[in-house]
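Just remember that the numbering used here sits 723 ahead of the position in the sequence shown, which is counted from 1.
Ideal Cβ placement from N, Cα and C applies to all residues, glycine included.
Computed from a predicted model, the values in this text were never measured in an experiment.
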Amino acid sequence: MAEQAVLPCPWHLPVWTALTARTRHAHAYLFGGLPGVGKRLFAEAFAASLLCLQPESGHACGHCRSCQLRLAGSHPDRLVVEPEEQGKAIRIDAVRQLADFMGQTAQQGGRKVIILHPAEAMNLNAANALLKSLEEPTAETYLLLVSDQPSRLLPTIRSRCRVQTLPTPSAEQAQAWLAERLPELAAEQHAALLLMAGGAPLRALTLHEMDAASLRQQVVEGVKALLKSQQSASQLAERWPSLPLELLADWFCDWTLDLLRLKTGASDTPANADMDKVLPYMARHVRMPALLSWQSWLLEHRGMLLGKANLNRVLFIETLLIRWKQLMERR
Ligand SMILES: [Zn+2]
């Protein structure tokens, strides 16, 4: 196999082998799984394999005419549809372009492949336009949807795709993969990154690149200061201008789960070691109905963030912190 061949992650090889062994493929696939588990890479590898003129045991060969065009980034029968800017919506214009592409004859005389990523970023108009394309499939044209949250897609879109969930690796596999890429870090740091990433290795790598560990440290310090009334919610909201909101929501979700475990007696110590002083103290004071109502507010807003909703960031952080602090107030 050529060096530049695009390969799926090692933990996806069983799914890969079963998929590429098929002689007939569905017109549309929906690859779902945790963020950072390797879905995009899987879709890229599958697209390459579908376009390759002489795949070698299912993998793109890397040297045929089609592979060379792909590697040069100029394959005329491969289209990637994604938001113009990361975190923004996929609009109807992009899906109309997709429909035009589907209507064209393959220029290399073989297959055409479209990767749409992330599928949940389509707004409603775009999703409805895509539905039309899914209802009228074109021969030898394959649509690969990639989504962190397949449940947020229109059910009519899901039902027209072959849904393939890409699994999260075992802790050992994840740790080994990350250690190979970040040899400068200690095993505990790999484990901490993986914990933050929900076990998804590529997400853990991104978190490292974002310096998420030190961002989190700032938030932990901020939350402690908030509870001691040394800092106000609005002061903190202004102090975190570049903190990714979905990270913040994830951390508060983790801490809330810990609170629930402590409160119900399911655990004596929080899983989040950096909050091991704060959470047990909070668990003793917070009332269960307040905790559950906070959790549903948090989950709803986290869903909105994952759905690429445009929240006012300062207002969101401020409201989140006020609600978190209110958990400790007797009413
Ligand atoms: Zn090839």
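Ligand 1 heavy atom lying under 7 Å from the CB of residue i
| i | result |
| --- | --- |
| residue 882 | no |
| residue 941 | no |
| residue 776 | yes |
| residue 955 | no |
| residue 785 | yes |
| residue 789 | yes |
Same chain, Cβ closer than 6 Å to residue i, five either side skipped, listed in chain order
| i | result |
| --- | --- |
| residue 803 | 838 |
| residue 1028 | 968, 969 and 972 |
| residue 813 | 806, 844, 845 and 849 |
| residue 756 | 762, 888 and 889 |
| residue 739 | 731 |
| residue 860 | 750 |
| residue 999 | 993 |
| residue 766 | 754, 838, 867 and 869 |
| residue 916 | 927, 930 and 931 |
| residue 1040 | 960 |
| residue 818 | 849, 852 and 853 |
| residue 945 | 959 |
| residue 776 | 787 and 789 |
Residue from the options with nearest C-alpha to residue i
| i | options | result |
| --- | --- | --- |
| residue 897 | 921, 947 and 879 | 921 |
| residue 745 | 888, 842, 1035 and 780 | 780 |
| residue 925 | 748, 729, 764 and 910 | 764 |
| residue 1025 | 892, 1037 and 974 | 974 |
| residue 761 | 824, 793, 939 and 887 | 887 |
| residue 753 | 819, 800 and 841 | 841 |
| residue 894 | 777, 947, 873 and 918 | 918 |
| residue 871 | 944, 983, 818 and 758 | 758 |
| residue 976 | 929, 1042, 1021 and 790 | 1021 |
| residue 940 | 966, 923 and 951 | 966 |
| residue 830 | 811, 863 and 819 | 863 |
| residue 980 | 945, 943 and 1018 | 1018 |
| residue 942 | 820, 963, 910 and 777 | 963 |
| residue 936 | 951, 911 and 947 | 911 |
| residue 824 | 811, 799 and 833 | 799 |
| residue 791 | 822, 951, 729 and 934 | 729 |
| residue 947 | 1004, 991, 1042 and 934 | 1004 |
Local Cβ density within 10 Å of residue i, reported as buried at 16 or more and exposed below that
| i | result |
| --- | --- |
| residue 1016 | exposed |
| residue 953 | exposed |
| residue 751 | buried |
| residue 771 | buried |
| residue 835 | buried |
| residue 878 | exposed |
| residue 856 | buried |
| residue 747 | exposed |
| residue 852 | buried |
| residue 828 | exposed |
| residue 826 | exposed |
| residue 789 | buried |
| residue 865 | buried |
| residue 873 | buried |
| residue 795 | exposed |
| residue 768 | buried |
Chain-order list of residues whose beta-carbon lies under 7 Å from that of residue i (same chain, five-residue window excluded)
| i | result |
| --- | --- |
| residue 1008 | 1051 |
| residue 913 | 898, 901, 902 and 905 |
| residue 801 | 770, 774, 793 and 836 |
| residue 1037 | 960 and 961 |
| residue 725 | Because the pLDDT of residue 725 is 41, which lies under 50, any placement of that residue in the model is unreliable, and the question is left without a value. |
| residue 815 | 848, 849 and 852 |
| residue 699 | Not covered by the structure: residue 699. The range shown for the chain is 724 to 1054. |
| residue 875 | 843 and 1030 |
| residue 923 | 757, 758, 759, 760 and 891 |
| residue 743 | 772 and 781 |
Contact set for residue i: own chain, Cβ-Cβ below 8 Å, skip 5 residues either direction
| i | result |
| --- | --- |
| residue 986 | 1006, 1009, 1011 and 1014 |
| residue 949 | 955, 956, 959, 1044, 1047 and 1048 |
| residue 736 | none |
| residue 808 | none |
| residue 854 | 877, 879, 880 and 883 |
| residue 989 | 983 |
| residue 858 | 883 |
* Please go through the region 775 to 817 and give each complete beta strand (DSSP E) segment of 3 or more residues, from N-terminal end onward. => 801 to 804
* Can you give, in chain order, each stretch of the alpha helix (DSSP H) that sits fully within the region 841 to 873 and has at least 4 residues? -> 847 to 858
* Asked: Enumerated in chain order, which unbroken segments of the alpha helix (DSSP H) with a length of 4 residues or greater are wholly contained in the region 888 to 956?
  -> 894 to 904, 910 to 919, 924 to 932 and 935 to 950
* Segments of 4+ residues assigned as alpha helix (DSSP H) that fall wholly inside the region 972 to 1019 -> 1001 to 1008
* Quick one: which unbroken beta strand (DSSP E) runs of 3-plus residues sit fully inside the region 742 to 771? Chain order, please. => 751 to 755
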